[in-house]
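Under the numbering used here, the first residue of the sequence shown is numbered 1, with each subsequent residue one higher.
Okay, structure first, notes after.
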Amino acid sequence: MKEVFSVFRFTFKDNIRKKAFILTTLLVVALIVVVCALPALTAGGSGEEAPAEPAPVEKTAVCYLLDPDGRIPGAREALAAALPSVEFREGEEAGLEGYKQTMLDDKDTSVVEIAEGADGLPLVRLYSADFMSGLSASAVSETLRALYISNALSEAGVSADVTQTALSDLPVEQVSVGKMDFSGYVLGIVLVVVMFFAVYYYGYGVAMSVAAEKTSRVMETLVVSTKPSRILLGKCLGMGALGLCQLGLFGLVGAVCFRLLVPADFTIGGMPLAISSFPLSAGLLVLLYFLLGYALFAMVNSVCGATVSRAEDLNSAMMPSVLLSLVCFYAAYMVILMPDSGMKRIVTYIPFTSPFVMPFRLLNETVPAGDILISLLLLLAAIVLVSLLSVRLYSASVLHYGSRLKLRDLFGLKA
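Here is the structure:
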């Protein structure tokens with residue numbers, strides 16, 4: 001145990017003092033602060049200040065209104081209020097034929113014609129140069145429909161208050177009875193990305209540490225003083241502790257900045273973004289899946305580092321591990337996009353994909369206890385099997401120098 005702790009301490013101190021680690025930490029912390037400050041900066045100050053006068057809207061299009069019989073009185077004024085970027089003009093007596101060439105020459109020009117339709121109702125035609133230009137047909141239709149109904153009710157003697165009530169939109173509030181909400185959905189996606197970042201970045205750190213020590217021949221000294229299996233365990237624990245410290249710092253800074261900088265009424269697309277009160281059990285399970293997922297991939301990456309004699313060859317040696325983590329990441333992302341597919345339970349049970357998908361499921365749905373138990377047991381079994389295989393391959397290849405070992409060569413070496 002003493003040897004494991006010595007390797008752990010050496011790995012932790014060596015990597016925490018690297019410039020790349022320090023710069024990455026400072027950069028991510030600064031990015032978190034900037035992202036959390038953006039909502040307050042774009043809000044334009046506190047709500048106690050007097051609202052500024054709205055800036056005049058620039059007219060970017062022209063529309064001619066043809067309603068010679070006055071079927072919808074006040075149509076021009078209503079359309080101008082609904083579409084402030086369009087200059088509405090009364091049409092001339094020449095009619096539609098006089099504007100066709102104008103629309104073909106200038107695609108920002110449109111014509112709205114109000115003619116007689118079936119059952120005495122007005123028929124609205126919207127003309128433009130092509131289907132990709134001109135006004136929004138739905139905006140024109142809704143505006144003129146509301147005006148026509150308002151005029152009809154007024155002529156029937158209905159009061160203005162009743163007319164306004166009849167034309168008002170009913171407020172609709174969407175309430176989810178399930179566990180998933182917008183904040184949990186966003187946080188779940190963030191955790192999937194963080195898991196991929198941890199597997200790649202910290203797993204790469206384990207492999208790089210092994211490869212760098214082989215290059216500098218430090219590994220020969222380590223192997224003489226302790227067993228290769230203890231070196232492997234110490235390095236994985238050291239990088240894991242380093243990753244927890246860094247990610248813990250990011251989470252703490254993010255929580256503090258969110259609390260202090262993000263306005264309480266901040267919404268994205270009309271949906272509030274808030275740190276929901278997730279159960280402590282879900283948080284502990286998320287942390288457990290993170291640790292077990294890191295342990296599984298760290299063992300694989302350590303062997304990748306032991307197969308090379310130079311740090312320059314590490315990228316090609318790690319390609320299988322990177323591809324595996326990418327496949328697992330996208331498998332979890334597909335489950336997020338299609339939560340009702342039968343693929344969800346399969347991905348939950350596969351040891352290499354469960355650390356990616358389970359944090360999202362734990363935060364956004366009630367996962368059956370059986371699924372959690374089976375997933376954890378399979379993940380632990382995979383870690384044990386991969387660890388035994390990794391120790392065997394690591395012990396056999398850690399003192400190999402020369403060309404990079406292939407997988408079939410590793411099984412032929414003696415530990």
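Where a beta carbon is used, it is the ideal one built from N, C-alpha and C, also for glycine.
If you're wondering where the values come from, they're calculated on a predicted model, not measured in any experiment.
Among Arg345, Asp313 and Gly251, whose alpha-carbon lies nearest the alpha-carbon of Ala30? Locating residue 30 in the sequence shown gives position 30, where the first residue counts as 1. Checked all of Arg345, Asp313 and Gly251; the closest Cα to Ala30 is Gly251.
Would you decide whether Ile32 is buried or exposed? Buried here means 16 or more other CB atoms lie within 10 Å of its CB. As a position in the sequence shown, residue 32 is number 32, starting the count at 1. Result: buried.
Along the chain, where does the beta strand (DSSP E) containing Leu96 start, and where does it finish? Stepping through the sequence shown from its first residue, residue 96 is reached at position 96. Counting along the chain, Leu96 sits inside no beta strand (DSSP E), nor does DSSP assign it H or E at all.
Comparing C-alpha positions only, which one of Cys328, Arg125, Val210 and Val256 sits nearest to Asp14? Here residue 14 refers to the residue found at position 14 of the sequence shown. Considering only alpha carbons, the answer is Val210.
Grab me the residues of Ser302's own chain with a C-beta within less than 8 Å of its C-beta, minus the 5 sequence neighbours each way, in chain order. For the purposes of this step, residue 302 is taken as residue 302 along the sequence shown, with counting starting at 1. Excluding positions up to five away in sequence, the list reads Val206, Ala207, Val210, Leu232, Lys235, Cys236, Ser390 and Tyr394.
Which residues in the same chain have their Cβ closer than 7 Å to the Cβ of Leu378, if we skip the five residues on either side of it in sequence? Working through the sequence shown from its first residue, we reach residue 378 at position 378. Within the same chain, Leu378 has close Cβ partners Tyr349 and Pro351.
Could you round the C-beta distance between Leu249 and Thr25 to whole angstroms and report it? I think they count as a contact, below 8 Å. The residue given as residue 249 occupies position 249 in the sequence shown. The residue given as residue 25 occupies position 25 in the sequence shown. Separation of the CB atoms of Leu249 and Thr25 is rounded to 7 Å, and the pair is thereby assigned contact status at 8 Å.
From Tyr127 to Thr102, what distance separates their C-alpha atoms? In the sequence shown, residue 127 corresponds to position 127, counting from 1. In the sequence shown, residue 102 corresponds to position 102, counting from 1. One C-alpha to the other measures close to 11 Å.
Leu38 to Ala80, Cα distance in whole Å? Translated into the one-based positions of the sequence shown, residue 38 becomes position 38. Translated into the one-based positions of the sequence shown, residue 80 becomes position 80. About 34 Å.
Quick one: is Cys36 buried, meaning 16 or more other Cβ sit within 10 Å of its Cβ, or exposed? For the purposes of this step, residue 36 is taken as the residue at position 36 of the sequence shown. Buried, since its Cβ has 16 or more Cβ neighbours within 10 Å.
Under a three-way DSSP split, which group does Ala61 fall into? What you label residue 61 is simply residue 61 of the sequence shown in a count that begins at 1. Note: Ala61 maps to strand in three-state DSSP.
Take the Cβ of Met1 as the centre, count every other Cβ of all protein chains shown within 10 Å, and call the residue buried at 16 or more, exposed below. Position 1 of the sequence shown, counting from 1, holds the residue named residue 1. Exposed, since its Cβ has fewer than 16 Cβ neighbours within 10 Å.
Since Ser502 is in the beta strand (DSSP E), which residue starts that stretch and which ends it? Given a span of 1 to 415 for the chain in the structure shown, any question on residue 502 remains unanswerable.
Using only the alpha-carbon positions, how far apart do Phe8 and Gly238 sit? For the purposes of this step, residue 8 is taken as the residue at position 8 of the sequence shown. For the purposes of this step, residue 238 is taken as the residue at position 238 of the sequence shown. Rounded to the nearest angstrom, the two C-alpha atoms are 4 Å apart.
DSSP three-state call for Pro56: helix, strand or coil? In the sequence shown, the residue the question calls residue 56 occupies position 56. It is coil, neither helix nor strand.
Any idea what DSSP makes of Glu90, helix, strand or coil? As a working note, residue 90 is residue 90 in the sequence shown. Of the three classes helix, strand and coil, the one that applies to Glu90 here is strand, per DSSP.
Drop a sphere of 10 angstroms on the beta-carbon of Arg361, count the other beta-carbons inside from all chains shown, and report buried for 16 or more, exposed for fewer. Taking the first residue of the sequence shown as position 1, residue 361 is located at position 361. Residue environment for Arg361: buried (at least 16 other C-beta atoms within 10 angstroms of its C-beta).
Could you check if Ile114 is buried or exposed, using at least 16 other CB atoms within 10 Å of its CB as the buried criterion? Counting from one through the sequence shown, the residue named residue 114 turns up at place 114. Its Cβ being crowded by 16 or more others within 10 Å, Ile114 is buried.
Beta-carbon proximity of Glu87 to Val62, cut-off 8 Å: Your numbering for residue 87 matches position 87 in the sequence shown. Your numbering for residue 62 matches position 62 in the sequence shown. Taking 8 Å as the cut-off, the Cβ atoms of Glu87 and Val62 count as close.
Does DSSP classify Leu66 as helix, strand or coil? The residue given as residue 66 occupies position 66 in the sequence shown. Note: Leu66 maps to strand in three-state DSSP.
In the DSSP output, which residue or residues are listed as bridge partners for Leu126? In the sequence shown, the residue the question calls residue 126 occupies position 126. Its beta-bridge partners are Val112.
Any idea what DSSP makes of Asp371, helix, strand or coil? Counting from one through the sequence shown, the residue named residue 371 turns up at place 371. Here Asp371 sits in helix by DSSP.
Measure the C-alpha to C-alpha separation of Ser85 and Asp108 and round it to an integer number of angstroms. Here residue 85 refers to the residue found at position 85 when the sequence shown is read from its first residue. Here residue 108 refers to the residue found at position 108 when the sequence shown is read from its first residue. One C-alpha to the other measures close to 11 Å.
Considering only the beta carbon of each residue, do Pro359 and Val253 sit closer than 8 Å? Stepping through the sequence shown from its first residue, residue 359 is reached at position 359. Stepping through the sequence shown from its first residue, residue 253 is reached at position 253. For the 8 Å CB-CB criterion, Pro359 and Val253 do not form a contact.
Shortest alpha-carbon distance to Glu116 belongs to which of Ile72, Ile383 and Leu260? Stepping through the sequence shown from its first residue, residue 116 is reached at position 116. Cα-wise, what sits closest to Glu116 is Ile72.
Quick check on the burial criterion: 16 or more other C-beta atoms within 10 angstroms. Buried or exposed for Val4? To locate residue 4, count along the sequence shown from 1; it is residue 4. Val4 comes out buried.
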